[in-house]
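A.B. asks: Numbering (our numbering), first residue to last: 1230 to 1632.
Backbone N, C-alpha and C define an ideal beta-carbon position, used for all residues, glycine too.
Structure below; questions to follow.
Set out below in structure tokens:
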């Protein structure tokens, strides 16, 4: 389907009322479009709060990379059937603020962590935080959690994890600059930042062999620590393992495809891993983009012709942008991520994502999923719908097994 083909807009997308309702033809599935005043809404992250509410954070504004992009939060109060009106939690007039995550500390503080970059330059990104002591009703001042390392930026996407020894682990990735070129992701690598003093100080541990593996998602499984990754090469979801959360094995490809878009997983109450991802890769692409921010006008940094630029990575590979971001698929593994026999699509479509411009309504991607399991056993999933809304879907593991 071409970008300008007639597309029927799903019921409820335009009004984004936040009201939960059964999906037509599938009473076992409940869903809602979260309310938002923004043209573009992207990169959701869900968290169950200490008072039992379900919260969702994401970034919204005109378009990713533009300084009006800010962090928003909405909550589904325990027992409610409607998401609350969104609250803006950041507002830097000079930076695009992106990829928010929520983290409840062992002492009950709620941390909001997010990135802030100049225009489309992810290699300028630093990491910020705010802290709430009343489950997100009120928030403290905005602080810098991690400065941008010299020569590149630092990004987050996945929630922190508290290890059995009490250490906090925040998975990060470095957006490394290439002299003479705009950032496109060719040299990005993953790491974890570890704190043993409740976030007062941090040490960094780089994941070996992680070039091109980003959005590291750390999971505490019955077989030890597992991490799943997005691939800049748009080939596979990658996986690595660790015994202590500091030293990690080099990421290796799984059987699952990846399209250079985010994935997220959670460990279920029965010990299995539930993953939400796009079941697509570069092999499904009919076209490609040169970078994530192709349609952001920014003359702040000169760009040279590819032939004049230095090699982008030691491997010679370049990041692949433009692979379809569809379908959105739920998968379950019972063997620590080695195989994924249970798979069912949550959303299907052509996944057109050759533009990030939401004003023109051309983007039809389903992307950047988040998943958690609530105490009642249900899976709570949120993801970007056409770069215009955050969609919340509620199903059970049994729903996936019936796929």
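Assign residue 1352 to one of three DSSP states: helix, strand, or coil.
C.D. replies: Reading the chain shown from its first residue, position 123 is the one you call residue 1352. The answer is strand: DSSP assigns residue 1352 an E or B state.
A.B. asks: Ends of the beta strand (DSSP E) at residue 1276?
C.D. replies: Numbered from 1 along the chain shown, position 47 holds the residue referred to as residue 1276. Residues 1269-1277.
A.B. asks: Taking C-beta to C-beta, are residue 1569 and residue 1520 nearer than 8 Å?
C.D. replies: Here the question's residue 1569 lines up with position 340 in the chain shown. Here the question's residue 1520 lines up with position 291 in the chain shown. Cβ atoms of residue 1569 and residue 1520: not closer than 8 Å.
A.B. asks: Within the chosen definition, does the stretch 1438-1447 reach the stretch 1397-1413 through at least 3 CB pairs nearer than 8 Å?
C.D. replies: yes
A.B. asks: Would you mind sorting residue 1309 into buried or exposed? The rule is 16 or more other CB atoms within 10 Å of its CB.
C.D. replies: As a working mapping, residue 1309 is identified with position 80 in the chain shown. With a 10 Å radius around the Cβ and a threshold of 16 neighbouring Cβ atoms, residue 1309 comes out exposed.
A.B. asks: Grouping DSSP H, G and I as helix and E and B as strand, with all else coil, what is residue 1626?
C.D. replies: As a position in the chain shown, residue 1626 is number 397, starting the count at 1. In this structure, residue 1626 counts as helix in the three-state DSSP scheme.
A.B. asks: How long is the line joining the alpha carbons of residue 1476 and residue 1266, rounded to whole angstroms?
C.D. replies: Locating residue 1476 in the chain shown gives position 247, counting from the first residue. Locating residue 1266 in the chain shown gives position 37, counting from the first residue. C-alpha separation (whole angstroms): 43 Å.
A.B. asks: Compare the C-alpha of residue 1517 against each of 1302, 1289, 1488 and name the closest.
C.D. replies: Working through the chain shown from its first residue, we reach residue 1517 at position 288. Residue 1517 has its Cα closest to that of 1488, out of 1302, 1289, 1488.
A.B. asks: With a threshold of 8 Å, are at least 3 pairs of Cβ atoms found where one atom belongs to the stretch 1611-1618 and the other to the stretch 1256-1274?
C.D. replies: yes
A.B. asks: Using a Cβ-Cβ cutoff of less than 7 Å, which residues in the same chain neighbour residue 1324 once the five nearest sequence positions on both sides are dropped?
C.D. replies: As a first step, residue 1324 must be located in the chain shown, where it is residue number 95. Counting only residues of its own chain and dropping the five nearest sequence neighbours on each side, residue 1324 has a CB closer than 7 Å to the CB of 1296, 1345, 1346, 1347.
A.B. asks: Measure the C-alpha to C-alpha separation of residue 1243 and residue 1594 and round it to an integer number of angstroms.
C.D. replies: The count along the chain shown starts at 1 and reaches residue 1243 at position 14. The count along the chain shown starts at 1 and reaches residue 1594 at position 365. Answer to the nearest angstrom: the Cα atoms are 16 Å apart.
A.B. asks: Can you give me the Cβ contacts of residue 1500 inside the same chain, cut-off strictly under 6 Å, excluding the 5 residues immediately before and after it?
C.D. replies: Position 271 of the chain shown, counting from 1, holds the residue named residue 1500. Closer than 6 Å at Cβ, skipping near neighbours: 1451.
A.B. asks: Assuming residue 1455 and residue 1279 make a contact with CB atoms under 8 Å, what is their CB distance in whole Å?
C.D. replies: Counted from its first residue, the chain shown places residue 1455 at position 226. Counted from its first residue, the chain shown places residue 1279 at position 50. With 8 Å as the limit, residue 1455 and residue 1279 do not qualify as a contact, their Cβ atoms being about 26 Å apart.
A.B. asks: Starting from the C-beta of residue 1573, find all residues in its chain whose C-beta is less than 6 Å away, skip the five residues before and the five after it, and write them out in chain order.
C.D. replies: Here residue 1573 is taken as the residue at index 344 of the chain shown, counted from 1. Same-chain partners within the cutoff: 1559, 1629, 1632.
A.B. asks: Looking at the structure shown, is residue 1579 part of a helix, part of a strand, or coil, going by DSSP?
C.D. replies: The count along the chain shown starts at 1 and reaches residue 1579 at position 350. In the structure shown, residue 1579 adopts coil according to DSSP, grouped into three states.
A.B. asks: Quick test of the definition: if touching needs 3 or more C-beta pairs under 8 Å, does the stretch 1274-1290 touch the stretch 1243-1262?
C.D. replies: no
A.B. asks: Should residue 1370 go down as buried or exposed, given a rule of 16 or more other Cβ atoms within 10 Å for buried?
C.D. replies: Here residue 1370 refers to the residue found at position 141 when the chain shown is read from its first residue. Per the 10 Å Cβ criterion, exposed.
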